[in-house]
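2 protein chains.
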Amino acid sequence: MMDAFKLEDFLPFRLNVLAQEVSTRLSSIYATRFNLDIPQWRIIANLATRGDLTAQDIARVAFMHKSTISRAVSGLERRKLIQRTADPADGRAYKLRITASGKTLFKNLLPDVLAFEQDLLKQMKSSESAALLRGLTSLEASVLKIKST
Amino acid sequence: MMDAFKLEDFLPFRLNVLAQEVSTRLSSIYATRFNLDIPQWRIIANLATRGDLTAQDIARVAFMHKSTISRAVSGLERRKLIQRTADPADGRAYKLRITASGKTLFKNLLPDVLAFEQDLLKQMKSSESAALLRGLTSLEASVLKIKST
DNA sequence: CCTATTTGGTTGCAAGTGAAACTATCGTGT
DNA sequence: ACACGATAGTTTCACTTGCAACCAAATAGG
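Protein chains in written order, with this note's numbering: chain B, -17 to 131; chain E, -17 to 131.
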């Protein structure tokens, strides 16, 4: 019609659709089987793999808003999947730690989640999946550069 | 800590963060300068480049929910950027068409939007950006395959 | 020290979104 | 011609989310 612009080739659009599609399918795994939403899953995963963190730490590494974290933490604490203790070094902050049952949940969840990722990648030729991962790494760097501009 | 799982290497997480980051920065272009939100931008772009479409058509090509489209269309029609006419072939449907002022807006917007995409890609080595695009194409196919499973 | 600014975290509010219910119309089968 | 299920689009509702205002504690500057 007008111009040769194709929305379906437009990088931001493609990223959005892919992320959305992948996210929806993935979250159905931990939502239905483990009753976690996306923020909760991210917090669990970070605490399980990185050790104790404050909400602020999580905000930085998981790119989440602090209000989202605050709410997700309440839920996780209520279910005793994580535990909050005052940070001795900073009276405003709380150290978040995953509990034993949180670890168990994570251990049960992880295989499913990894299997899903592998399903996605296994459908691709290995040269293509390698290209994807390389490209994503490069794009991540590019976004950071633009960000600081 | 526990397992070698790294959330920051996990494909769904990476896609999410990237899409989110890119989307936010892009939408600030058309939000502040042209008062469009994401659904509206997508509708304008599709109508500008593909010609007349029904809401249903847009839902399919742009992966949007019909309720989202319905609301976005109202706003665009109110601003006379698009126009709705009853579909002669189907009494339930409406043909959506971009108006002259809609086209003008799109023409003004397009260069900014393309420049943003180019900014992203230009920061990457051309081998890396090629890898990215190839990988995304392959992943798109992979997601579709899993979807039908 | 004492004030001013910043920072960690929580909460209220407004906006956006998906699911589902609903209306109107279409298409199929009988 | 009619009844049925499917489909286009709108709207209501519940829920999520980001932003901004807020409180408490920390840090910086005079």
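Cβ atoms here follow ideal geometry from the backbone N, Cα and C, with glycine treated the same way.
The structure displayed is predicted, hence computed values, not measured ones.
DSSP beta-bridge partners of Arg66(B): Leu78(B)
Chain E contacts made by the region -15 to 4 of chain B, where a contact means CB separation under 9 Å: Asp(-15), Ala(-14), Phe(-13), Lys(-12), Leu(-11), Glu(-10), Asp(-9), Phe(-8), Leu(-7), Pro(-6), Phe(-5), Arg(-4), Leu(-3), Asn(-2), Val(-1), Leu0, Ala1, Gln2, Glu3, Val4
Of the residues Met46(E), Ala68(E), Asn28(E), Leu18(E), the one placed nearest Gly57(E), counting alpha carbons only: Leu18(E)
Start and end residues, alpha helix (DSSP H) containing Asp39(B): 37 to 44
Ala44(B) at chain E interface by Cβ criterion, 9 Å: yes
Boundaries (first-last residue) of the alpha helix (DSSP H) holding Leu18(E): No alpha helix (DSSP H) holds Leu18(E); DSSP gives it neither H nor E.
Chain E contacts from the region 27 to 55 of chain B (Cβ-Cβ distance under 8 Å): Ala27, Asn28, Ala30, Thr31, Arg32, Gly33, Val43, Ala44, Phe45
Short Cβ contact (9 Å threshold) for Leu(-3)(B) with Leu118(E): yes
Member of Leu91(B), Ser109(B), Ile80(B), Leu103(B) whose CA lies at the smallest distance from the CA of Leu29(B): Ile80(B)
Ala75(E) and Thr36(E) closer than 9 Å at C-beta: yes
Meets three-Cβ-pair contact criterion under 8 Å: the region -7 to 10 of chain B and the region -2 to 14 of chain E: yes
Three-state secondary structure assigned by DSSP to Gly84(E): helix
DSSP-derived helix/strand/coil call for Phe(-8)(B): coil
Proximity of Lys129(E) and Glu59(B) at Cβ, strictly below 9 Å: no
Under 9 Å between C-beta atoms of Ala54(E) and Ile11(E): no
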